[in-house]
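Here the structure comes first, spelled out in structure tokens, and everything after it is commentary.
Chains as they are written, first to last, in UniProt numbering: chain Z, 1 to 286; chain C, 1 to 286.
Have a look at this one:
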């Protein structure tokens, strides 16, 4: 949520209009969508907070504001109940804070939903001898079923997909790689507290060969001949894994184009970001 | 988080071992990773909750449990402060509940992060006359800058990318479509409370032509000749939009393959889900 630079009353400010009224309200900044954000940092008694919140809501209503966001650090957990009693509800939470929201107008609430997806990567690292880099994990769904799988992991907020793939391979196996392409991605639902998952199947080229496996999560790691990897009954029995084998084969025969990242600047976001597209096809046309 | 069927003590259960001990603990179910989940529904005094929580934590520690999850509906907001005082922190929140977590072992916490991404779609709907379906929005970043843009929207948790693209076009313009391909996707960061965005640029084929625009969000909608759409200074000035134009051209010349969805069944998730891949290339090999 971007925050405009327009001035806003401070906590403890007394709003005095025509000498008639003096009320303390909460410090807030305007957001870019007609609402206000309160980023509370000071410890406060919950009754003091309740009084301030009521005055503030009246003031923002008069100003014609719509959405009201209150960010409460976990240290201010004593104020959560008060906010909810005043009509706020939860928007999202991170380990160290809770974000509450309130919608002032009588008309339809346009507060956006919170994050909906977890994002993961699977990394196919294939060397010149047609061997695949595979691991066995110490925990999780693959543990104890004897399957040799490709390194997988979570893409963190703020991290690029290609960076996550390279990082996971390095962490789990010690192998350095360069990114080739996203071969496919899978969309699954209801996987974690009702959220959805997007998992990107990536191809990488190894830049080193000596495996140094990570001890915490990885039971074993090795270079496995592609045929042996493909022939594992698990990979033959489960559709997404069968597709992964087909994609590998097509890629080895050089007849498959996935998506590769291009850095682009954005109109709405300051940082450079990535557009993933079929570079091979696009370059043919230009 | 999947929940195993193993029995667990109920709220109000007294744990009696060898006739020596009787303590009430919270009702919990085991998760699949060695932890427990408390899905609290009953209203409760916060001091009663504190006592129950302490006994429960001792019990789960003795059992060798690791992660403890407590789901508190917003109606039980009076218990949030107690949980935090006992060492719990926030995991995630939805409008109607807050999920708190605690890690019993002294060793590294492996509680997974919450959802990290918002997911969006942009829908390029191109008809046989080489006209693009475009809209002007009543609010948001494109409002008031005179740009005719493609319909865009949010992919909800649980919704397929191709479904979201078809739905957004229908909602904003009344046009029925069928999905063709994902042409590209863009990954941006720090866009909303530190989360990242994945936005899928999709191509769709129109199945109807009469526009009925939605009034709430859409100022205007029309079929615009492709050249006119492409020549808008905004599209020429901003890299991701320039790429979108290039992708359209390549697609019109039939020299670009994106990713299309294939339904697959999954080993870990019961429902059918979708794998998006370059079907054109893959079908050539098989």
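Every residue, glycine too, gets a C-beta built ideally from N, C-alpha and C.
Would residue 255 of chain Z count as contacting chain C if we go by Cβ distances under 9 angstroms? yes
With 9 angstroms as the threshold, decide whether the Cβ of residue 128 of chain C is near any Cβ in chain Z. no
Chain C contact for residue 276 of chain Z (CB, 9 angstroms cutoff): yes
Start and end of the alpha helix (DSSP H) containing residue 136 of chain Z? Looking at the DSSP string, residue 136 of chain Z is not in any alpha helix (DSSP H); the run it does join, the beta strand (DSSP E), is 131-137.
What's the C-alpha gap between residue 63 of chain C and residue 76 of chain C? 27 angstroms
Please name the residue or residues paired with residue 199 of chain C in a DSSP beta bridge. C:120, C:186
Quick one: which unbroken alpha helix (DSSP H) runs of 4-plus residues sit fully inside the region 135-169 of chain Z? Chain order, please. none
For residue 257 of chain Z, name the three-state secondary structure that DSSP assigns. coil
Considering just the uninterrupted stretch of the beta strand (DSSP E) at residue 98 of chain Z, what are its terminal residues? 97-103
Since I believe residue 169 of chain Z is in contact with residue 123 of chain Z (beta carbons under 8 angstroms), could you give me their beta-carbon distance rounded to a whole number of angstroms? 5 angstroms
Member of Z:246, Z:263, Z:262 whose CA lies at the smallest distance from the CA of residue 255 of chain Z: Z:246
Residue 37 of chain C beta carbon less than 9 angstroms from that of residue 71 of chain C: yes
Please report how far the alpha carbon of residue 260 of chain C lies from the alpha carbon of residue 162 of chain C, in whole angstroms. 9 angstroms
At 9 angstroms on the CB atoms, spell out the chain Z contacts of residue 158 of chain C, in chain order. 116, 189, 190, 194, 195, 196
Chain C contacts from the region 64-86 of chain Z (Cβ-Cβ distance under 7 angstroms): 74, 77, 78, 80, 81, 84
Residues that residue 351 of chain Z bridges to, as DSSP identifies them: The first residue shown for chain Z is 1 and the last is 286, placing residue 351 of chain Z beyond what the model contains.
What residues in its chain sit with their C-beta under 7 angstroms from that of residue 281 of chain C, if we drop five residues either side in the sequence? 257
In chain Z, which residues lie with their C-beta within 7 angstroms of the C-beta of residue 179 of chain C? The contacting residues do not exist; residue 179 of chain C stays about 13 angstroms from chain Z at best.
Name the chain C residues that come within less than 7 angstroms of residue 292 of chain Z, Cβ to Cβ? Examination of residue 292 of chain Z is not possible in this model, given that chain Z is present from 1 through 286 alone.
For residue 185 of chain C, would you say it is in contact with chain Z, using Cβ-to-Cβ distances shorter than 9 angstroms as the test? yes
How about residue 118 of chain Z and residue 24 of chain Z: are their beta carbons less than 9 angstroms apart? no
Interface flag, residue 230 of chain Z vs chain C, CB-CB below 9 angstroms: no
Mind the definition here: the region 130-150 of chain C touches the region 182-189 of chain C only if three or more C-beta pairs lie below 8 angstroms; say whether that holds. no
Which value, in whole angstroms, describes the spacing of the CA atoms of residue 120 of chain Z and residue 224 of chain C? 38 angstroms
Using a Cβ distance threshold of 8 angstroms, determine whether the region 131-143 of chain C contacts the region 126-135 of chain Z, with at least three qualifying pairs required. no
Straight-line Cα distance separating residue 66 of chain Z from residue 158 of chain C: 28 angstroms
Rounded to whole angstroms, how far is the Cβ of residue 115 of chain C from the Cβ of residue 91 of chain C, which I believe are closer than 8 angstroms? Not a contact, Cβ separation roughly 11 angstroms.
Distance check for residue 210 of chain C and residue 156 of chain Z, CA to CA, integer angstroms please. 43 angstroms
Listed by chain order, chain Z residues near residue 91 of chain C by CB distance under 8 angstroms: 93, 95
Which residues of chain Z have a Cβ atom closer than 9 angstroms to the Cβ of residue 259 of chain C, listed in chain order? 182, 184, 185, 258, 259, 278
Tell me the DSSP bridge mates of residue 48 of chain Z? According to DSSP, which records beta bridges pairwise, residue 48 of chain Z is partnered with nothing at all.
Pull the bridge partners of residue 222 of chain Z from the DSSP assignment, please. Z:134
Identify which residue in Z:213, Z:84, Z:109, Z:204 has its Cα closest to the Cα of residue 172 of chain Z. Z:213
Would you kindly work out how many angstroms separate the C-alpha atoms of residue 137 of chain Z and residue 218 of chain Z, rounded to a whole number? 5 angstroms
I need the boundaries of the alpha helix (DSSP H) containing residue 273 of chain C, first residue and last residue. No alpha helix (DSSP H) contains residue 273 of chain C, which is instead part of the beta strand (DSSP E) from 273-277.
Output needed for residue 5 of chain C: all residues of its chain with C-beta closer than 6 angstroms, excluding positions within five of it in sequence on either side, in chain order. Residue placement at residue 5 of chain C cannot be trusted, given a pLDDT of 40 that sits under 50; what the coordinates show is reported in the next sentence. Correct list: empty, nothing qualifies.
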